[in-house]
Amino acid sequence: MLAFVVRRLLQSVIVMLVVAFIAFLVFRYVGDPVTSMLGQDSTIADHEELRERLGLNQPFYIQFYHFVTNALQGQFGISYRLQQPVAKLIMERLPATIELALASATIALVGGVVMGIYTALRPRAFTSGVIMTASLIGVSLPTFLIGIGLIYVFAVELKVLPSFGRGTVTDIGWWRTGLLTESGLRSLILPAITLSLFQLTLIMRLVRAEMLEVLRTDYIRFARARGLSTRAINFGHALRNTMVPVITITGLQLGSVIAFAIITETVFQWPGVGSLFVNSVQVVDVPVMAAYLVFVALVFVVINLFVDILYFIVDPRLRDGVRSGK
Amino acid sequence: MTDLPHSPEQPVVAAKVSRWKMFLASDIFWSYRRSPVTILASIIALILVLMAVFAPLLAPYDPFNPATLNLMDGMTAPNTESYTGKYFAFGSDNQGRDVLSSIMYGSRVSLFVGFAATMFAMVMGVGLGLVAGYFGGLWDAFIMRVADVQLSFPAILIALLIFGVARGVIPANQQEGAAIWVLIFAIGLANWAQFARTVRGATMVERQKDYVAAARILGVNPFLILLRHVLPNVLGPVLVIGTIGLALAIIEEATLSYLGVGVPPTQPSLGTLIRIGQQFLFSGEWWILLFPAITLILLALSVNLLGDWLRDALNPKLR
Amino acid sequence: MQKSLAGLTAALIASTMLVGAANAETIRWARASDALTLDPHSQNQGVTHTFAHHIYETLLDRDSDGNLQPRLATEWFVKDGDPTVWVFKLREGVKFHNGADFTAEDVVFSFNRARSDGSNLKQLHAEVAEVTAIDDHTVEIQMIGPSPLYPNNITNTFVMDKDWSEEHSLQNVQDFAAGESNYAVLNTNGTGPYVLKSREVDVQSVLTAFEGHWADAPAVTEIVYLPITDAATRIAALLSGDVDLVQDVPVQDIERLRNSAGFKIETGPENRFIYFGYRFGEEPLKSSNITDSNPINNTLVREAIELALDRDAIKQVVMRGNSIPTGIPNPPFVNGWTAELDAYPKPDLEKAKALLAEAGYPDGFSITLDTPNNRYVNDEAISTALVGMLGQIGIKVTLASRPVAEHSPLVINNQSDFYLLGWGVPTFDSAYVFNDLVHTKTDKHGTYNGGLYSNPELDEKIIALGTETDLDARNASIAEIWAVVKADRVLLPIHNQVLSYAMREGMTLPVHPEDQPRMTTVTFQ
């Protein structure tokens, strides 16, 4: 057990380093922060001087070394754009993104499971066909268009939901939540739906496929033969067997939902880490961009580690990374 | 503009054609005929693809040739007379381009990027998946770990990163010509992991079978075994992932365009047209957004429906 | 120069202090981006300055016509007998938000801070030798030579409280390169009309009227400042009643808002022009099919390009009427502008083709045009339109569209053959344009002369403008320089930007030529 965890941890560290390295490599190429930082009154001499002060003239590997050593101490430097510590900025923005991600994961999970079960139990029904087809529209539309469309309908035309932002927020310690006020909850609806559509389709299809498969297994036939009620079979046996891969996938997807939120957050001006990232890209705020990528990698690594360890505990045979069984 | 392929290539393994045909004739075709939605989807997809491929012959105007445009024709509503006396069935955009023609040419770009990126992802993913599944061990661990990392990052983020690097590596004055290839590379690279995972699983199963073991004992070159025996057996799921991947690639191209990276605005793809059009959502020129958006939805939806049907049709358990 | 209004204003203060706050009005003000910092000397950027103007104040200010107005200084003049010294008489009875008195020491401290190494404003004070307090309400600024236009440079140099700053170790502007964040980034203590109540970067900032302010109490008593990045969302927020005022309005939405019940639009010219820049020199272009010469180094070709450019069509279709086409890279606000220079030729494709043939390119040539796509109003669409117009005379343009963070380095590092750029003129004087866009590129001048235009004769004249004290002679020299710049077609100006603010019915906010609107100028009906 311990050896397994240590090995996994080691792998995670390598993953983090690789991500940090890629992040760094990229950011050397996406533009020049100096021109965004200095106004049009600046001279070439000013540019050179600032570049020197920021250490941008140093060789790549030295910059990377500084980045890694600082990051290990929790120091991601100062944002070029906002001139505040990057770690602080990300921590401030994190609650908004996590609340959005959780809300949309909940919508996706509940909606996906319900519709998945329905379409699996009534595969030939007309409504099942409609649901299956409609769910595809969700993944056939770019996220930004769904978001803008929802704003147009519900905020501009119907004026029933807010068009942007998080509404009124409440501070609980350092965690700033929008879940305790009515305006906060209302503000959450449109972005959460926008973000959830893709995952919802995914989960629905997964549940449907798993259910259809389980319903064909011998022990369900046997249960049916024993005269158990359809309800007990469907929900007591079939669904329970379906839920393990579904929850695994949802958990693994949570990390990607956080990163996926980039576009949703931009459209709805949701004050999370995704919109922080987009704003930073515009002006080549390298410390924030690098820290964001490392953060996403960290979320992924942590979730994966948990899943791996859980699987290890549940089933020691599964040691080589075969997870969902799909 | 680069030459576009004249028809979508299907990954068909030459040696297996007759078997493939038989397969078509039996189960698949039967399930196809039974599904009106699938028939409709395939007709729509076919029309859109034909429209895109033959755009230079069919389109009323050439929106990619700036010399033919007149800026004063801009913002003309559908079927009204423009400044220079032209009529545009779907109206014109802010540059005086005919929206209908732009859609036809734009679908061409989108489909080309989508197909090429999916092909790239498929070749790479299938190759790595076969290697991982067949050879196992360190190869497997390494490839699958990379795939895991890849899957945890949204494709858009990966594509953005690759785009960023390409911008730095390619000299500034050649970037626009290279943009479409960078896009293909970026989207393709972001999507290979799905293929690799599926193929690896299937390969591991195949490898255990007696005929493969026999071939191995006979000393047949492992690559020949992979190509002859393993590959044909994993083609089904690959085709499904490929179809859905095509729809995904088209959407990803659109999203990248929304974020301001992508093909040059003088040769707009469907995504670029939507990005331009969404600026006019509140100002009354609905046609600039609506028609390209509908085309994109139809395209992605019909391809998705086809992929969906294919998945069910190829899965004997579901029949 | 300008005459003081001190007496009048002082009399007004007492009478109007009583009036304010009768009816509290909150304005929810949305724009595309947030102020970068609250440290007033750290960034030289319009959005940051706009926000700072509500909390901090400057010695001089500009009104809606761009004229200098008294603010913390009531009088300013060149010292008798010494043309190298500027004297500023300061307003009396001004208090900082923490209750401290405003004195000359604060001005000395602030100007020295703005001139220090970490400051992004130091370029504007490059000619300053020393700042001294003569008494509590007089400051003298010793220049290194005669600097007749220096007061134009200080309209964004904010005054901080010396004691407060020293208490929080703010002597230096934040050196974030060294990983520092300082107290002033998040905290303020100005003399301005509003006090910062709360701030969440990129999300919202709340300001309330400062009761101890020296001027009339403003009609707006509370400001909720809301950055909204996405243009469609920003307009949706106004349409759905979630905000009262949108500062960065896309031109295509202006007409609709103007015609919608419950909304109105204020428009006015901005002190900023948009232009195309060319690559000069004999060296062949990297992006052209002509490999033995540089076609756009030929004046005839540049004339042909100008004749193909239809500025009026760009105004009408791309800008929806919201631009002022111009024939000179210099806005009307700026000293040196004349209607004559501003005239531009009607497009003439036949003549353009003939000129191209005469220059030796009868079949045209190919070239890449670099354009930003997120900086100026419809920047990418303007460039796309030019591609079409040049296509009609046989010049095949490839358009390279990039976010501004990738685009500007290309221009500054001379990597572009042909580019679009915009230029604001904060000093309201032509010398500012010449220094950065026309002067030969050196480490002090010509920073944005990305095409490497070089004319030693002009360089000499441009440098001489800096110290010329005879304003008539100076203006004559400016006119001469413009004549050469125009004849040489150094830059291809397109238009001056027009600003539009959209707001709900019942309030009025006049457009500010530097796009730095003040909520103190809002009136309600």
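Chains as they are written, first to last, in my numbering: chain A, 1 to 326; chain B, 1001 to 1319; chain C, 2001 to 2525.
Using N, Cα and C, we set each Cβ at its ideal position, and we do this for glycine too.
These numbers were taken from a predicted model, which means no experiment stands behind them.
Among A:Val244, A:Val246, A:Trp270, which has the Cα closest to the Cα of Asp2230 (chain C)? A:Trp270
Thr1255 (chain B): contacting residues in chain A (beta-carbon distance under 8 Å): Pro142, Thr143, Phe144, Ile263
Whose CA, out of B:Ser1035, B:Ala1190, B:Gly1106, B:Leu1046, lies closest to the CA of Pro1063 (chain B)? B:Gly1106
Alpha carbon to alpha carbon, how far is Glu2514 (chain C) from Pro2426 (chain C)? 7 Å
Do you know offhand how far Leu332 (chain A)'s Cα is from Thr242 (chain A)'s? The structure shown does not extend to residue 332 (chain A), since chain A spans only 1 to 326, so no value can be given for it.
Let me check one thing: in DSSP terms, what residues is Arg186 (chain A) bridge-paired to? Partner(s): none; Arg186 (chain A) has no beta bridge.
Output, in sequence order along the chain, the residues in the segment 1164-1190 of chain B whose CB is closer than 9 Å to any CB in chain A. Gly1164, Val1165, Ala1166, Arg1167, Gly1168, Val1169
In whole angstroms, give me the CA-to-CA distance for Ser135 (chain A) and Thr201 (chain A). 6 Å
With a threshold of 16 other CB atoms inside 10 Å of the CB of Met91 (chain A), please say whether the residue is buried or exposed. exposed
Checking the sheet assignment: what are the DSSP bridge partners for Arg7 (chain A)? BP columns for Arg7 (chain A) are empty, so no partner.
Helix or strand or just coil, what does DSSP make of Val2085 (chain C)? strand
Where Ile2290 (chain C) sits in the DSSP three-state scheme: For Ile2290 (chain C), the three-state secondary structure derived from DSSP is coil.
With DSSP run on the structure shown, which of helix, strand or coil describes His2439 (chain C)? coil
In chain A, what lies closer than 8 Å to Asn2172 (chain C) by C-beta? The premise fails here: Asn2172 (chain C) is roughly 13 Å from chain A at the closest Cβ pair, so nothing lies under 8 Å.
Gln1175 (chain B) to Ala2400 (chain C) span [Cα, whole Å]: 8 Å
Taking a Cβ distance cut-off of 7 Å, strictly less, list which residues of the segment 2043-2058 of chain C are near chain B, in chain order. none
I believe Gly2091 (chain C) touches Thr2074 (chain C) by the beta-carbon criterion, under 8 Å. Please report the beta-carbon distance rounded to the nearest angstrom. Here residue 2091 (chain C) is Arg; the residue named in the question, Gly, does not match the sequence. Indeed, because the Cβ distance is near 5 Å, the residues count as touching under 8 Å.
Assign Ala2473 (chain C) to buried or exposed, taking buried as 16 or more other Cβ atoms, counted over all protein chains shown, within 10 Å of its Cβ. exposed
Between which two residues does the beta strand (DSSP E) containing Gln2142 (chain C) stretch? Per DSSP, the unbroken beta strand (DSSP E) holding Gln2142 (chain C) starts and ends at 2138-2143.
In the structure shown, what three-state DSSP assignment does Trp1309 (chain B) receive? helix
Tell me the DSSP bridge mates of Lys2315 (chain C)? In DSSP, Lys2315 (chain C) forms no bridge with anything.
Run the CB neighbour count on Phe2096 (chain C), radius 10 Å, all protein chains shown included, and call it buried at 16 or more, exposed below. buried
Does DSSP put His2053 (chain C) in a helix, a strand or coil? helix
Using alpha carbons as the reference points, say which of C:Pro2295, C:His2213, C:Asp2429 lies closest to Val2101 (chain C). The residue asked about is misnamed: residue 2101 (chain C) is Asp in this sequence, not Val. Nearest option by C-alpha distance: C:His2213.
Using CA coordinates, which residue listed in A:Ala225, A:Ile220, A:Gly227 is at the minimum distance from Asn234 (chain A)? A:Ile220
Considering Cα atoms alone, identify which of A:Thr230, A:Ser229, A:Val153, A:Asp285 is closest to Leu2239 (chain C). A:Val153
What does DSSP give as the partner residues of Thr2371 (chain C) in its beta bridges? C:Ser2401
Nearest neighbour of Asp2352 (chain C), chosen from C:Glu2380, C:Val2139, C:Ala2184, C:Leu2300 [CA to CA]: It is Ala, not Asp, that sits at residue 2352 (chain C) in the sequence shown. With distances taken between Cα atoms, Ala2352 (chain C) lies closest to C:Leu2300.
Over the uninterrupted alpha helix (DSSP H) stretch that includes Met1072 (chain B), give me the two end residues. Looking at the DSSP string, Met1072 (chain B) is not in any alpha helix (DSSP H), and its letter there is neither H nor E.
Quick one, which residues of the segment 1045-1075 of chain B are near chain C if we go by CB-CB under 9 Å, in chain order? For the segment 1045-1075 of chain B, the beta-carbon criterion of a distance under 9 Å to any beta-carbon of chain C is satisfied by Asn1065, Pro1066, Ala1067, Thr1068, Leu1069, Asn1070, Leu1071, Met1072, Asp1073, Gly1074, Met1075.
Could you pull the DSSP bridge partners for Trp1181 (chain B) from this structure? Its beta-bridge partners do not exist; DSSP assigns none.
Should Trp1030 (chain B) be labelled buried (16 or more other beta-carbon atoms within 10 Å of its own) or exposed? exposed
Any residues in the segment 2398-2414 of chain C with a beta carbon nearer than 7 Å to a beta carbon of chain B? Which ones, in chain order? Thr2398, Leu2399, Ala2400, Ser2401, Pro2403, Glu2406, Leu2410
Could one say the Cβ of Asp32 (chain A) lies closer than 8 Å to chain C's Cβ atoms, at least one of them? yes
Evaluate contact between the segment 206-215 of chain A and the segment 108-118 of chain A, counting only Cβ atoms and requiring at least three cross-stretch pairs below 8 Å. yes
Proximal residues to Thr1038 (chain B) (C-beta, below 7 Å), its chain only, five neighbours per side dropped: Tyr1032, Leu1305, Leu1306, Trp1309
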